[in-house]
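Novice: One structure is given below, represented as structure tokens, and several questions about it will come after.
In this note's numbering, the protein residues as written are -16 to 412.
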């Protein structure tokens, strides 16, 4: 049996702060499921984004868009102070467009004020009308004791309580609520999946009794440390995306872990992963990592994403012989190297780096997708490196000097006859 309780669409978890007029007044919402791969990954660069983005781009070319679940809620004040503020913004924007220097100064001031006010409201748990969001009384929620899947997504729950009646629950979804503390879950011995995505949790705690837990998602919270997981020895998937974590630690007991997502944190080094020998997928996009290191023990890894970091060199991958997908876009890499033992790669993403030459990849004969856009490639003969990849279907080379050639697509098609998609365009069906 399934208990599903839904209210109005979710209101606003922004991926990054923005000081523009629009972001000061409007709050965009993000309702995503990382583990189910239902997010357009460009929304969160570096966290499994490229794979899903590829799929979206492909489906767009076929006339439909796939795997997009982003929703946006727009709130517009109709009267009172909110409306007055919007009118003032409009007036100052008109002055700015007409070249009025004084109007420009005033516009900057009012936008700054609104941005600061919006930030304060968000920090204080207030909505756009200036009122604090009141947590729901759990006594008003009726739970089915026989339910196996309980979904209380965006229900304004402020405290975890009253769930001890769930004797058979396997999945508990508490996404987009107002929860500050993980507590009162020790009775849920049957629980396999706990989802606390987009709450206000500051610490991983009180999970010791949930020894059968297999999936844990505490993404988009306020965590600073990885802790409190020692007893979760059956955990297979751990999602801690978009927190304030600065160090990979306290994972030594999670030897069954298969997927680890730590994108959009403050991590500076890859470390303390030696015991994660069953890890299949590791996502570290949008951190502050400067070096590929300490990956030797992860011999079962098939997916590695370290997009949007501070890498300057491809190295430390010699033991990852089972690697199939490698995402290194948006770094400072200058040379393609260090891939000698990664013969099974089907996806290689090194877009948005500083690479001048396609080289050292003739042995990657299993490649199906090659992303090299936004680099410095200018020589057509470099494409010879890809001729051995007979399964290659997708190539991204846009925003390289090569693209200036008026015969750009035609030359790629002649050099790589198996390719069906060049950049965002399908060239063969």
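Just so you know, even glycine gets a beta-carbon here, dropped at the ideal spot from N, CA and C.
Taking Cβ positions, are residue 226 and residue 207 nearer each other than 9 Å?
Specialist: In this structure, residue 207 lies closer than 9 Å to residue 226 by Cβ.
Novice: Would you decide whether residue 377 is buried or exposed? Buried here means 16 or more other CB atoms lie within 10 Å of its CB.
Specialist: By the neighbour-count rule (16 or more Cβ atoms within 10 Å), residue 377 is buried.
Novice: Under 9 Å, do residue 384 and residue 361 count as touching if we go by C-beta distance?
Specialist: Yes. Within cutoff.
Novice: If the criterion is Cβ atoms closer than 9 Å, does the pair residue 242 and residue 269 meet it?
Specialist: In this structure, residue 269 does not lie closer than 9 Å to residue 242 by Cβ.
Novice: Would you report the Cα separation of residue 294 and residue 123, rounded to the nearest angstrom?
Specialist: Cα to Cα, the separation comes out at about 51 Å.
Novice: Using the C-alpha atoms, what's the distance from residue 320 back to residue 296?
Specialist: Cα to Cα, the separation comes out at about 8 Å.
Novice: With the cut-off set at 9 Å, would you say residue 310 and residue 289 are in Cβ contact?
Specialist: Contact flag set, yes.
Novice: Thinking C-beta only, is residue 181 closer than 9 Å to residue 154?
Specialist: Result no, Cβ atoms of residue 154 and residue 181 do not sit closer than 9 Å.
Novice: List the DSSP bridge partners of residue 271.
Specialist: In the DSSP output, where bridge partners are listed per residue, residue 271 has none listed.
Novice: Which same chain residues end up closer than 7 Å to residue 149 when comparing Cβ atoms and leaving out the 5 residues on each side of it in sequence?
Specialist: Counting only Cβ-Cβ distances below 7 Å, and skipping sequence neighbours, we find 126, 128, 130, 133 and 171.
Novice: For residue 240, collect the residues of the same chain with a Cβ closer than 8 Å to its Cβ; drop the 5 residues on either side in sequence, then sort them by chain order.
Specialist: Excluding sequence neighbours, residue 240 sits near 218, 219, 220, 221, 234, 259, 261 and 262.
Novice: Within the 9 Å Cβ cut-off, does residue 201 reach chain C?
Specialist: In the displayed structure, chain C is absent; only one protein chain is listed.
Novice: Where DSSP assigns a beta bridge to residue 330, which residues make up the other side?
Specialist: 308 and 352, per the DSSP bridge assignment.
Novice: In whole angstroms, what separates the C-alpha of residue 334 from that of residue 140?
Specialist: Roughly 42 Å between the two C-alpha positions.
Novice: Take residue 304 and list the residues in its own chain whose beta-carbon comes closer than 6 Å to its own, dropping the five residues that flank it on each side.
Specialist: Excluding sequence neighbours, residue 304 sits near 324.
Novice: Drop a sphere of 10 angstroms on the beta-carbon of residue 341, count the other beta-carbons inside from all chains shown, and report buried for 16 or more, exposed for fewer.
Specialist: Residue 341 should be labelled buried.
Novice: In terms of residue numbering, what span does the alpha helix (DSSP H) encompassing residue 396 cover?
Specialist: Segment 391 to 398, the alpha helix (DSSP H) holding residue 396.
Novice: Taking only the alpha-carbon atoms, compute the straight-line gap between residue 197 and residue 204 and give it to the nearest angstrom.
Specialist: Residue 197 and residue 204: Cα-Cα distance of roughly 20 Å.
Novice: Can you list, in chain order, the residues of its chain whose CB lies under 7 Å from that of residue 283, leaving out five sequence neighbours each side?
Specialist: Excluding residues within five positions, the ones whose Cβ falls inside 7 Å are 260, 261, 262, 263 and 305.
Novice: Assuming residue 378 is part of the beta strand (DSSP E), what are its boundary residues?
Specialist: Element bounds for residue 378: 377 to 379.
Novice: Select from 387, 151, 411 and 369 the residue whose C-alpha is nearest the C-alpha of residue 398.
Specialist: Checked all of 387, 151, 411 and 369; the closest Cα to residue 398 is 369.
Novice: What separation, rounded to the nearest whole angstrom, lies between the Cα atoms of residue 349 and residue 357?
Specialist: Near 23 Å, if we compare the C-alpha coordinates of residue 357 and residue 349.
Novice: For residue 297, report the span of its beta strand (DSSP E) as first-last.
Specialist: Where residue 297 is concerned, there is no enclosing beta strand (DSSP E), given that its DSSP letter is neither H nor E.
Novice: Does residue 148 come out as helix, strand or coil in the three-state DSSP assignment?
Specialist: DSSP places residue 148 in helix when its eight states are reduced to three.
Novice: Less than 8 Å between C-beta atoms, sequence neighbours within five positions excluded: which residues of the same chain meet that for residue 161?
Specialist: Cβ neighbours of residue 161 beyond the five flanking positions: 108, 116, 118, 139, 140, 141, 182 and 183.
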